[in-house]
Structure formats: structure tokens, C-alpha cells
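Take a look at the structure set out below.
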DNA sequence: TTAAATTTTTAGGTAAATCTAAAAATTTTT
DNA sequence: AAAAATTTTTAGATTTACCTAAAAATTTAA
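Protein chains in written order, with the UniProt record's numbering: chain V, 1 to 220; chain D, 1 to 220.
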């Protein structure tokens, strides 16, 4: 059984490991809003418990056990987000902090029943996949909107940026999950993208387009 | 903002204060499964924060602020219990420990929306009243089953014992909240009580009868 | 391939919440 | 109203998760 803090470290390491193999001390410290010295302390503790592999100065990787623990926390976080949005009518930009607390509630029974109550959702309100109780993720096939060519179309199925500002912006533009879109133009000048929705056209910056994930429905 | 531990102390003191005015160090220690010395330390801290009034060797009482904080935790605990039973199909004897964790989640928005989602319940699955968001309790008029005379009838509206063993026992006998009952006999020998339900008769010990709360529907 | 910059670790400390053992105050009993 | 029993507090440690400052290792640049 881990403390909340240990769980948060494991989760952070898990997410950082999606980009790099060996996760660096400084990266963890920045993510967790703490100091590198504190991270070193905790890493040693997690290594003693067999949750991470650690070689001095070489960063950490999660062990099988550590990874399973992290995935379980991710599962809980995402299920609670679905609960907050689907049942309590929170907006997708309001759920992160509360889920950050709820994810640490320890009861296997609770999460299984919650999962069932929610209808075994496969993705959270931002389109991130929810692992099943065995830690397995459904395969997802995303492509970044920025990579689409003029004329390509697809469905918005996720975002790779969870900041409230970004999510509110998308909401305002009508770019929410499930929306059908087609790229109608890409501006030479700044790379901004013009998008056709069922009922309107909107223009988004390159930066925004980078963080919208599309599941293409056939095409090119 | 209090730590989980501080919240638990406040809640414990609140419940103990329902029976005695000045709450004793030892009583808190026993309830919280800790040592009196630890309680003294924490009491000092709570006193410094203005959450309890404390005179050495004289026990503690909650201040207005302390009491409000405690009531807020009680509110959260009971709302989560309703959620667990009504929405996730937990039994009334299974919810306590999980609610004990959930009660510490800090989000006013969450609790208000949960309250609404649950239909603003007035009582938890054990019949305990749920304070509203201003900390006010609906007036309740309970009488212990043991105090009823032969012939008296009423509705089971609460229990004053939350142990799993007790609750499972009641469940098995069919003595659940909302059931109409009438006292058909009281045994001289051991004070056990015979109860008529709509479809059957059951016999319960004095000890059990002490912990069943009845709202009388007119009578005697 | 040294020097400089960066990253990481070590050493030594702090605050929160706990503990044990012993001292002090209060309450109960005789 | 002493003596005995009980309750409560103090004193001094421990553990967890932090911190700062300085040392050590690694990486990057000159």
C-alpha cells in the first residue's frame, strides 16, 4: 500500500515515461512542483519498495509492479472524470483537480461499481483511454489535426492539452469531442487551419491544431 | 484549511460531544485508535487554530468554527453514503469505510452537485440526518424501539449502531428503513421484543431493540 | 579534452503526526 | 482528607515528506 505522495510520484513517472524511456529527476521535480533533492529521496524509497528501477544519475523507469500501480491510478482518475462530467454536469475543463483527489480513494469495489454505473466507458472527457480493471487499454488510432491535409476529414476524439484555458477555447469554438470536421484551408502565412463543421467554419492557430486529436473516418 | 487528520479529530470530537459537553482526551484517543499523548498534542494544535476551546485537564469543546467544519465533514460523509447505496448498489453495512475516505475530498462544487444529483436527501442509509449546505439539520423525532409499549406501532427510520454485524442482522430479519412495525409482545424473561411486520413476526433481543429508531405514526 | 554548465546527489534540518515512559493533575475510594 | 486509581500532560524519539546549501557526476561547449 502506497501513500498518496508515492502514488503521485508513480503517476508522474508513468506519464513522463510516455515520452522518454529514462525519466529524469529534474523532470519529475518540475512536474510535481517540488525540488530535485526531494525527488531523489522519494526515488530511493520507491526503488527500495521495488516500484522503480533506479541507477544513480541515470533516471528511473517503472517496474512491472510500479507500472501497474500507476495505471490503476490513471484508471481511477479517468473514471472519476467521466462521473463528474456525465453525472454531475461538470465541464471538461473543471474536472482535473477534483479527480486528482478522488483518484486516491482506495476501494477496488468502489471503482468496479463506478465503472459499471458509468457503463464501462472507454475514454474520459478529454478522449484519453480508460484502462480496464486488468490495466489493458483499448487500442486507439489518433492523428493530430495539424497533420491533416486540406480536404481531409474526421472526428474529434481527443485533446493532448488539458489546461482549462485551452479547453474553454475549444468549447467556445464548438470543437468538442465527437464533432465531425473537415480541413478546408491551411494558411501559408502562419500555418493556421480553417475547419468546416456541420454548421459553421472556424479558424484555429497551428498551436491549437497540434493538440486536437482526430480519428479519421476513411479518406485520402 | 485542515489536514485530513485534523478533520478526523474535529469529526470525532463532534460526535463525542453529542453525549457529553466536555470531551475527554481518553475518549478521543479510544475513538481514534491512538494514544492519549497524541491527542493532547493535536488538541493544542486545534486550540491554536481556534477550532476548539481547551483547558488543560478539562477536556475540549468545539468552537463555532470547529463545529461548522465538523458538520461539513458529517454532511459529506452522509451524502457519499447515499451515493454509494442509491447509485452504486452498496449495502448499508458496506459504506462506512469508503465514505470515511470520500468525506475528505475538498470541493464545495462537488458536494453541491452531488447533493443535487442525489435529490437533496434528508437522511443517509442509516437514517442519520444530512445537514444542508448551511449546516442545518432537519428536525427529526425518533424514539427507541425499546421504549415502545405492546401495541405501539411506527416506522423504522434509523439505527444508532453502525457496525456491519448489527446491520447485517437487521437486514436478515427484514428490519430495514421504512418498514412499518408493531410491537406485539415483550418477554418478561429477557426483555426481548416481538415485532409484527406486514408479512411476518420477528423476535429481537433487548440489545437490538435499543438501537432501532422509530418514528411513531400517532398511537398509544 | 579541458572548462563551463547542467543535473543529480548528499548532508543536515524542519514540520506533522505519531509513539513510549515518566511526571503531574484530578478523581475516587477508603 | 489521605491514599489509591485514573486521567492527562510533558519530555524526548521516530517517520514521512519536504527543504537549502554544497558536493559530485554528467553533459555540453569552447
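The beta carbon of each residue, even a glycine, is placed where N, CA and C say it ideally should be.
| Alpha carbon of residue 72 of chain D to alpha carbon of residue 80 of chain D, nearest angstrom | Along the second chain, read from residue 1 onward, the residue named residue 72 of chain D stands at position 72. Along the second chain, read from residue 1 onward, the residue named residue 80 of chain D stands at position 80. The alpha-carbon atoms of residue 72 of chain D and residue 80 of chain D are separated by roughly 12 Å.
| field | Between the CA atoms of residue 177 of chain V and residue 220 of chain V - distance to the nearest angstrom | value | Along the first chain, read from residue 1 onward, the residue named residue 220 of chain V stands at position 220. Along the first chain, read from residue 1 onward, the residue named residue 177 of chain V stands at position 177. Residue placement at residue 220 of chain V cannot be trusted, given a pLDDT of 42 that sits under 50; what the coordinates show is reported in the next sentence. Their Cα atoms are separated by approximately 22 Å.
| Alpha carbon to alpha carbon, how far is residue 125 of chain V from residue 182 of chain V? | Residue numbering aside, residue 125 of chain V sits at position 125 when the first chain is read from its first letter. Residue numbering aside, residue 182 of chain V sits at position 182 when the first chain is read from its first letter. Near 22 Å, if we compare the C-alpha coordinates of residue 182 of chain V and residue 125 of chain V.
| field | Beta-carbon neighbours of residue 98 of chain V, restricted to chain D and to distances below 9 Å | value | The sequence position of residue 98 of chain V within the first chain is 98, counting from 1. The answer, in chain order, is 105, 106, 107, 109, 110.
| said: Are the CB atoms of residue 121 of chain V and residue 130 of chain V within a distance shorter than 9 Å? | reply: Against the first chain, residue 130 of chain V aligns to sequence position 130. Against the first chain, residue 121 of chain V aligns to sequence position 121. Closer than 9 Å, so yes.
| Segments assigned beta strand (DSSP E), at least 3 residues, entirely inside the region 127-194 of chain D | 153-159, 180-186
| Any C-beta of chain D sitting closer than 9 Å to the C-beta of residue 89 of chain V? | Along the first chain, one-based indexing puts residue 89 of chain V at 89. At least one chain D Cβ lies under 9 Å of residue 89 of chain V.
| said: Which residues in chain V have a C-beta closer than 9 Å to the C-beta of residue 113 of chain D? List them in chain order. | reply: If you number the second chain from 1, residue 113 of chain D lands on position 113. Ordered by position in chain V, the residues that pass the 9 Å Cβ test against residue 113 of chain D are 84, 87, 88, 89, 90.
| Assumed close pair residue 96 of chain D, residue 160 of chain D - CB separation to whole angstroms, cut-off 8 Å | For the purposes of this step, residue 96 of chain D is taken as residue 96 along the second chain, with counting starting at 1. For the purposes of this step, residue 160 of chain D is taken as residue 160 along the second chain, with counting starting at 1. Going by Cβ atoms, the distance from residue 96 of chain D to residue 160 of chain D rounds to 14 Å, so no, they are not a contact pair.
| Shorter than 9 Å from the beta carbon of residue 81 of chain V to some beta carbon of chain D? | Translated into the one-based positions of the first chain, residue 81 of chain V becomes position 81. No, residue 81 of chain V lies away from the interface with chain D (no Cβ there is under 9 Å from its Cβ).
| request: Select from the UniProt domain "HTH dtxR-type" (1-63) of chain V all residues with a C-beta closer than 7 Å to any C-beta belonging to chain D, and list them in chain order. | output: none
| Over what stretch of residues does the alpha helix (DSSP H) that includes residue 79 of chain V continue unbroken? | Position 79 of the first chain holds residue 79 of chain V. 64-82 is the extent of the alpha helix (DSSP H) around residue 79 of chain V.
| task | Let me know the secondary structure DSSP gives residue 53 of chain V once reduced to three states. | result | Working through the first chain from its first residue, we reach residue 53 of chain V at position 53. Here residue 53 of chain V sits in strand by DSSP.
| Beta-carbon separation (whole angstroms), residue 215 of chain D vs residue 119 of chain D, contact threshold 8 Å | Position 215 of the second chain, counting from 1, holds the residue named residue 215 of chain D. Position 119 of the second chain, counting from 1, holds the residue named residue 119 of chain D. So it is not a contact: roughly 20 Å between Cβ atoms.
| task | Determine the direct distance from the alpha carbon of residue 179 of chain D to that of residue 174 of chain V, and round the result to whole angstroms. | result | Sequence index remark: in the first chain, residue 174 of chain V carries index 174 (1-based). Sequence index remark: in the second chain, residue 179 of chain D carries index 179 (1-based). One C-alpha to the other measures close to 51 Å.
| beta strand (DSSP E) containing residue 38 of chain V: first to last residue? | Position 38 of the first chain, counting from 1, holds the residue named residue 38 of chain V. Element bounds for residue 38 of chain V: not the beta strand (DSSP E) but the alpha helix (DSSP H), 36-48.
| Chain-order list of residues whose beta-carbon lies under 6 Å from that of residue 9 of chain V (same chain, five-residue window excluded) | On the first chain, position 9 is the one that residue 9 of chain V refers to. Cβ within range, chain order: 42.
| query | In this structure, does DSSP put residue 3 of chain D in helix, strand or coil? | reply | As a working note, residue 3 of chain D is residue 3 in the second chain. Reduced to three states, the DSSP call for residue 3 of chain D is coil.
| Assigned secondary structure, residue 17 of chain V (DSSP; H/G/I helix, E/B strand, else coil) | Here the question's residue 17 of chain V lines up with position 17 in the first chain. Reduced to three states, the DSSP call for residue 17 of chain V is coil.
| field | Short CB-CB distance (under 9 Å) between residue 219 of chain V and chain D | value | Counting from one through the first chain, the residue named residue 219 of chain V turns up at place 219. Confidence at residue 219 of chain V is low in this model, with a pLDDT of 45, below 50, so the placement of that residue should be treated as unreliable; the coordinate-derived value is given next. Answer no: the Cβ-Cβ gap between residue 219 of chain V and chain D never drops below 9 Å.
| message | According to DSSP, simplified to helix, strand and coil, what is residue 106 of chain D? | response | Taking the first residue of the second chain as 1, we reach residue 106 of chain D at position 106. Residue 106 of chain D falls in the coil class under three-state DSSP.
| field | Enclosing beta strand (DSSP E) for residue 202 of chain D [first to last residue] | value | Residue numbering aside, residue 202 of chain D sits at position 202 when the second chain is read from its first letter. Taken as a continuous stretch (DSSP letters only), the beta strand (DSSP E) holding residue 202 of chain D covers 201-204.
| field | Interface partners of residue 194 of chain D on chain V, CB under 8 Å | value | Working through the second chain from its first residue, we reach residue 194 of chain D at position 194. The premise fails here: residue 194 of chain D is roughly 37 Å from chain V at the closest Cβ pair, so nothing lies under 8 Å.
| query | Helix or strand or just coil, what does DSSP make of residue 213 of chain D? | reply | Numbered from 1 along the second chain, position 213 holds the residue referred to as residue 213 of chain D. Three-state result, residue 213 of chain D: strand.
| request: Could you have a look at residue 23 of chain D and say whether DSSP puts it in helix, strand or coil? | output: Here residue 23 of chain D refers to the residue found at position 23 when the second chain is read from its first residue. DSSP places residue 23 of chain D in strand when its eight states are reduced to three.
| Does residue 102 of chain D have its Cβ less than 9 Å from a Cβ in chain V? | On the second chain, residue 102 of chain D is found 102 positions in, with the first residue counted as 1. So, interface residue.
| query | Of all the options D/186, D/17, D/137, D/172, which has the alpha carbon lying nearest to the alpha carbon of residue 91 of chain D? | reply | The residue you call residue 91 of chain D lines up with position 91 of the second chain. Residue D/172 is the option with its Cα nearest to residue 91 of chain D.
| By how many angstroms is the C-alpha of residue 197 of chain D removed from the C-alpha of residue 163 of chain D? | Looking up residue 163 of chain D in the second chain gives position 163. Looking up residue 197 of chain D in the second chain gives position 197. Approximately 23 Å, taken between the alpha carbons.
| query | Assuming residue 61 of chain V contacts residue 23 of chain V under a Cβ cut-off of 8 Å, what Cβ separation, rounded to an integer in Å, is found between them? | reply | Counted from its first residue, the first chain places residue 61 of chain V at position 61. Counted from its first residue, the first chain places residue 23 of chain V at position 23. The Cβ separation is near 7 Å, so the contact holds.
| said: Quick check on residue 208 of chain D: does DSSP put it in helix, strand or coil? | reply: If you number the second chain from 1, residue 208 of chain D lands on position 208. Looking at residue 208 of chain D - three-state DSSP - the assignment turns out to be helix.
| task | Using the Cα positions of residue 165 of chain V and residue 208 of chain V, report the straight-line distance between them to the nearest angstrom. | result | As a first step, residue 165 of chain V is located in the first chain; it is residue number 165 there, counting from the start. As a first step, residue 208 of chain V is located in the first chain; it is residue number 208 there, counting from the start. Near 11 Å, if we compare the C-alpha coordinates of residue 208 of chain V and residue 165 of chain V.
| message | One question on the structure: do residue 88 of chain V and residue 102 of chain D come within less than 9 Å of each other, judged by their Cβ atoms? | response | Here residue 88 of chain V refers to the residue found at position 88 of the first chain. Here residue 102 of chain D refers to the residue found at position 102 of the second chain. Against a cut-off of 9 Å, the Cβ pair of residue 102 of chain D and residue 88 of chain V comes out as no contact.
| Taking C-alpha atoms, which residue in V/15, V/49, V/105, V/38 lies nearest to residue 65 of chain V? | Here residue 65 of chain V is taken as the residue at index 65 of the first chain, counted from 1. The residue with the shortest Cα to Cα distance from residue 65 of chain V is V/49.
| said: Using the three-state DSSP reduction, which class does residue 95 of chain V fall into: helix, strand or coil? | reply: Residue mapping note: residue 95 of chain V aligns to position 95 of the first chain, counting from 1. Residue state, collapsed to three classes: coil.
| request: May I ask you to list the residues that DSSP assigns as paired with residue 123 of chain D? | output: By one-based count along the second chain, residue 123 of chain D stands at place 123. Residue 123 of chain D is bridged to D/129.
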